[in-house]
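To keep things clear, I will list the structure first and then write my remarks on it.
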Amino acid sequence: MTQMTPVIASTSPKAGPPSNEDNDTGVVVETRAKTKRPPLYKVMLLNDDYTPMEFVVHVLERFFGMTHAQAFEIMLTVHKKGVAVVGVFSHEIAETKVGQVMDFARRHQHPLQCTMEKE
Ligand code: TYC
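One rule links them: number in the working numbering = place in the sequence shown (from 1) + 3.
Dropping the structure here:
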């Protein structure tokens, strides 16, 4: 779906696209394709009663490039509040991160849950 945005044209006509349309006011209106930034996705970690704190800290260091101090702080936020955003990414990167965390947790037999949500 391409949204066409009306723009008041400059007084000096210029060559080539975008297209000019004249209307009954004599005002020249240009239309151009509106560029949209791709949507971003929050990746979130959920608390549970069984995953060891050190494991969560390790996940945040390994898959989200956090320092030990940053990772420990975010882990404690999840532990106390139940959930925290650990990063914001494109759809493809967010899906990859969620998959990596879920796979790593499963391989270590921890119930840690990682989800994504449109920002
Ligand atoms: N609540 C867990 C515990 O007390 C620690 C934990 C923190 C688990 C963050 C998951 O996303 C999580 N061992």
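Cβ coordinates follow ideal geometry from the N, Cα and C atoms, glycine included. As the structure is a computational prediction, the values presented were derived from the model and not from experiment.
Provide the residue(s) that pair with residue i in DSSP beta bridges, ordered along the chain.
| i | result |
| --- | --- |
| lysine 121 | Tyr44 |
| arginine 97 | Looking at the sequence itself, residue 97 is alanine, so the reference to arginine does not match. Bridge partners of alanine 97: none, in fact. |
On the CB-based measure, 16 or more other CB atoms within 10 Å of its CB, does residue i come out buried or exposed?
| i | result |
| --- | --- |
| glutamate 122 | exposed |
| leucine 43 | exposed |
| alanine 36 | exposed |
| threonine 54 | buried |
Roughly how far, in whole angstroms, is the beta-carbon of residue i from the beta-carbon of residue j, given that I think they are within contact range, below 8 Å?
| i | j | result |
| --- | --- | --- |
| alanine 87 | leucine 48 | 6 Å |
| methionine 119 | valine 59 | In fact, because the Cβ distance is near 17 Å, the residues do not count as touching under 8 Å. |
| phenylalanine 67 | glycine 90 | 5 Å |
**Study point:** Exercise answer, beta-carbon shell around the ligand TYC heavy atoms below 6 Å
**Key:** Leu48, Leu49, Asn50, Asp51, Asp52, Thr54, Pro55, Met56, Val59, Met78, Val81, His82, Leu115
Point to revise | Cβ contact (3+ pairs, closer than 8 Å) linking the region 68 to 75 and the region 94 to 112 | key: no
Review point. Would you say the region 97 to 115 touches the region 75 to 83, given that touching needs at least three Cβ pairs under 8 Å?
Key: no
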